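Peer 1:
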Amino acid sequence: MIQAHSISKQYGSKVLFENANVFIGDQTRAAIVGPNGSGKSTLVRLILNQEHPDSGRIIRSQNWELGHLAQELPTLEEGSIFSTVMNFGDRVETLKKTKHALEDAFAKGSQDPKDLEAYEKVFTALERFDEFRIEARAKEILMGMGFKSSDFSRSLSEFSGGWLMRVVFSRILLVEPDLILLDEPTNHLDLETVLWLEQFLKNYPKAMLIISHDTAFLNSLVEEVIEIDQKKIFQYRGNLQAQAIQKQARLEFLQAQYQNQQTKIEQLQEFIDRNRAKASKATQAQSRVKQLEKIKKIELPKTNSTIEFRFPPTPAGGKEVITLKNVKVQFGEKQIFEKLNWTLSKGTKVIVTGVNGAGKTTLLKVLSGQLQPSSGEIKWGHQVQVGYYAQHQSETLDLKKTVLEELEETAPHLPVSQIRGIAGAFLFSGDAVEKKCSVLSGGEKARVALAKLLLVPSNFLILDEPTNHLDKDSRDVLLQALQEYPGTICLVTHDRDFAASLVNCVLEIHLGIQKNEPSQIIPLLGSYEDYLQKKLKEIASQEAKSKNLSLPKVETQKPSIQKNKNGKKNTQEKKQLSLEQEIIKLETKIKELDFLLIEKASSHHSEIAQLMKEREKIQEILQQKEKDWETLLK
Ligand SMILES: Nc1ncnc2c1ncn2[C@@H]1O[C@H](COP(=O)(O)OP(=O)(O)OP(=O)(O)O)[C@@H](O)[C@H]1O
Ligand SMILES: [Mg+2]
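With my numbering as the guide, the letters of the sequence shown map in order to residues 3 to 636.
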């Protein structure tokens, strides 16, 4: 159990919260929500005792083990994946020591129920750390996180930041603490892992606090919401939907109270003004003045300020922004793309879609010049100037620099007044520009990264998940600025509404159906909505075709069956025909599932998990059928 009593916290002149109370019980499953920079991550650090409140106190149950996944990646010592996960310091030793101490106390006759409870806890914990069991559990968790058993012995240095986060995460889950505090856990995970995590957390038997902008994820997991709003902390029962209703009711009540108070103040003031000069009523007026002074004024919440910006005028560029010719991208054995041919023309706002792992980020890296293709040619158009926002762009900031220094370095030629102006538009005004990047909140870092994008004029923006870390208001401002941007945009986002109101073109990446088959890109014309509609129709017609077994198979890549000389089909041909029909059906089903996966990207995770599983199963069957078919042809 953790209880925060009347805590206050501020940094410099910025007050995060005042006189706040928070209660976390053994079974609490709560979301922490609030705008960027409101103090969510700070509250977590206070609970962890990594920082202290300026006033008030936080009481913690003894022996409560806490597990924490920070918003940013911690530094890890070099080692293998498995050894890092299995490295939980001197935990086992400490547990053993506590156990012995308690046994000594019992031997001396202690019957304290608290000791008995503690003993039971230590005993269960030691069981969890049992040498054989813990290894099996560690492996299970790592596999759930997406590692293969061949990865276990690989060194940490071979993995990217997102994967290292999974290692840290696995270690927390393995220890099974009494309270886990997760700060934006889904930002670094791909969809499949998010789904796995959601299931895992659903079954997690202990308390949890989760900070996330992912509403579906939160709604499926939490039973309480802790909201930081305008220096106050509110704790609501229920998930986010329930919280929204309660919040509305609270605001309406406050509004009514405010109105009543205003009427009362006006009446008092009027009496005072009318009677102040009258000798007969002077005492009464005086007492009203005192009454008025005593009233504790109700304050209505102010609207939160939001970022405000527009992209600067874009330098004119050639008609063709970029052309890819026979581009091939390969990582080791794995081919991501082969024979990629595509031209992007000026003014297009294109979304790159496709299931997880299809190669969206890779394509964006190629377009921005960050990644050299293995072969082929890339031609950027005349005077094309790229602005690139990578998926984890905010992690590229120099943490030792202040916001102002970071911005100045990007645009050394600009006068400081102009840089300050841009910083202000991104809500870094006054002292805030002097903050070191290391203390910035996740959303604030993302804002600095966006501001940097504005400082260098560009006419081709390449944006990979630019809404990550941003609260809803900032996301809306970004959307508007991009809508007004006259240049060319290439975007990857999971946010369907964001894409639908921005793009005029869709580039779809198809994951190869076979293992190790490279992805293919398919440029489509029209709006994102058109694309969704078109896909639906395509699927419906494909399904009809596959149901109608007598249809000629012009659509498939497989060669159609040759009749034998006398026109009769032998048994082998019949078998072949039936196999081909099954293959078409399975391929259609996979396409249908891929579409549904894109469709449902922003919807409920358990549904997506189901679809993913189904896709995997069908793919396996399909591969087997194709093998059978090939054997038959030999
Ligand atoms: N050590 C520090 N020194 C100065 N300011 C700090 C420090 N730590 C945090 N802050 C400031 O306190 C505010 C709250 O930060 P916090 O990281 O708790 O926000 P958050 O609610 O988690 O935001 P986000 O949604 O962007 O992650 C931010 O304005 C941040 O810059
Ligand atoms: Mg945070």
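For every residue, glycine included, the Cβ atom is placed at its ideal position computed from N, Cα and C. Please read all numbers here as calculations on a predicted model, not as lab measurements.
(1) Go through the segment 178-216 residue by residue and report every complete run of the alpha helix (DSSP H) that reaches 4 residues or more, in order.
(2) If you compare alpha carbons, which of Asn461, Gln393 and His415 is closest to Ala451?
(3) Span of the alpha helix (DSSP H) holding Ile247?
(4) Buried or exposed: Lys591, going by 16 or more other Cβ atoms within 10 Å of its Cβ?
(5) Would you mind giving the Cβ-Cβ distance between Val352 and Ile491, rounded to the nearest angstrom? I have them listed as a contact below 8 Å.
(6) Should Lys42 be listed as close to ligand 4, given that the test is whether its C-beta is under 6 Å from any heavy atom?
(7) Going by the C-beta, is Gly81 closer than 6 Å to any heavy atom of ligand 1?
(8) Does DSSP put His102 in a helix, a strand or coil?
(9) What span of residues does the alpha helix (DSSP H) with Glu295 cover, start to end?
(10) Leu456 by DSSP, collapsed to three states: which one?
(11) Hey, how far is the Cα of Asp153 from the Cα of Glu340?
(12) With C-beta atoms as the reference, is Thr100 less than 7 Å away from Val124?
(13) First and last residue of the alpha helix (DSSP H) that includes Val405?
(14) Can you list the alpha helix (DSSP H) stretches of 4 or more residues lying completely in the segment 118-150, in chain order?
(15) Since Lys299 and Gly319 should fall inside the 8 Å C-beta cutoff, what is the C-beta to C-beta distance between them, to a whole number of angstroms?
(16) Under 7 Å, do Glu322 and Thr345 count as touching if we go by C-beta distance?
(17) On the premise that Leu223 lies in contact with Lys204, defined as a C-beta separation below 8 Å, what is that separation, rounded to the nearest angstrom?
(18) Can you look up Ile309 in the DSSP assignment and give me helix, strand or coil?
(19) Whole angstroms are fine: how far does the CA of Arg173 sit from the CA of Met88?
(20) Among residues of its own chain, excluding the 5 on either side of Ser82, which ones have a beta-carbon nearer than 8 Å to its beta-carbon?
(21) Is Trp382 helix, strand or coil when you go by DSSP?
(22) Could you compute how far the alpha carbon of Arg477 sits from the alpha carbon of Thr469?
(23) CB of Ser443 to nearest heavy atom of ligand 2: below 6 Å?
(24) At the level of alpha carbons, what is the spacing between Ile61 and Thr217?
(25) Mind checking Ala425: buried by the 16 CB within 10 Å criterion, or exposed?
(26) Are the segment 403-411 and the segment 435-450 touching by the rule of at least three beta carbon pairs closer than 8 Å?
(27) Since I believe Leu270 is in contact with Leu294 (beta carbons under 8 Å), could you give me their beta-carbon distance rounded to a whole number of angstroms?
(28) Of the choices Ala483, Ala72 and Asp132, whose alpha-carbon is the least far from that of Lys98?
Peer 2: Taking the structure as given:
(1) Segments of the alpha helix (DSSP H) lying fully in the segment 178-216: 193-204.
(2) Closest by C-alpha distance to Ala451, out of Asn461, Gln393 and His415, is Gln393.
(3) Start and end: Leu242 to Asn277.
(4) Taking all protein chains shown into account, Lys591 has 16 or more neighbouring C-beta atoms within 10 Å of its C-beta and is therefore buried.
(5) That belief holds up - the Cβ atoms of Val352 and Ile491 are roughly 7 Å apart, short of 8 Å.
(6) With respect to small molecules bound, the structure shown includes ligand 1 and ligand 2 and not ligand 4.
(7) No - ligand 1 has no heavy atom lying nearer than 6 Å to the Cβ of Gly81.
(8) Three-state result, His102: helix.
(9) Counting along the chain, the alpha helix (DSSP H) containing Glu295 begins and ends at Ala284 to Lys296.
(10) Annotated three-state conformation of Leu456 is helix, per DSSP.
(11) Cα to Cα, the separation comes out at about 27 Å.
(12) With respect to Val124, Thr100 sits close: the two C-beta atoms are nearer than 7 Å.
(13) Residues Val405 to Thr412.
(14) Within the segment 118-150, the runs of alpha helix (DSSP H) at least 4 residues long that lie entirely inside it are, in chain order, 133-146.
(15) Lys299 to Gly319, Cβ: 57 Å. No contact.
(16) Against a cut-off of 7 Å, the Cβ pair of Thr345 and Glu322 comes out as a contact.
(17) In this structure, Lys204 and Leu223 form a Cβ contact; the two beta carbons are roughly 7 Å apart against a cut-off of 8 Å.
(18) In the three-state DSSP reduction, Ile309 falls in the coil class, being neither helix nor strand.
(19) The straight-line gap from Cα to Cα measures roughly 7 Å.
(20) Excluding positions up to five away in sequence, the list reads Phe154, Ser155, Arg156, Ser157 and Leu158.
(21) DSSP places Trp382 within a strand segment (E or B) once states are collapsed to three.
(22) Between Arg477 and Thr469, the C-alpha separation is close to 6 Å.
(23) Yes.
(24) Just so you know, the alpha carbons of Ile61 and Thr217 end up roughly 30 Å apart.
(25) Per the 10 Å Cβ criterion, buried.
(26) Yes, the segment 403-411 is in contact with the segment 435-450.
(27) So it is a contact: roughly 5 Å between Cβ atoms.
(28) Lys98 has its Cα closest to that of Asp132, out of Ala483, Ala72 and Asp132.
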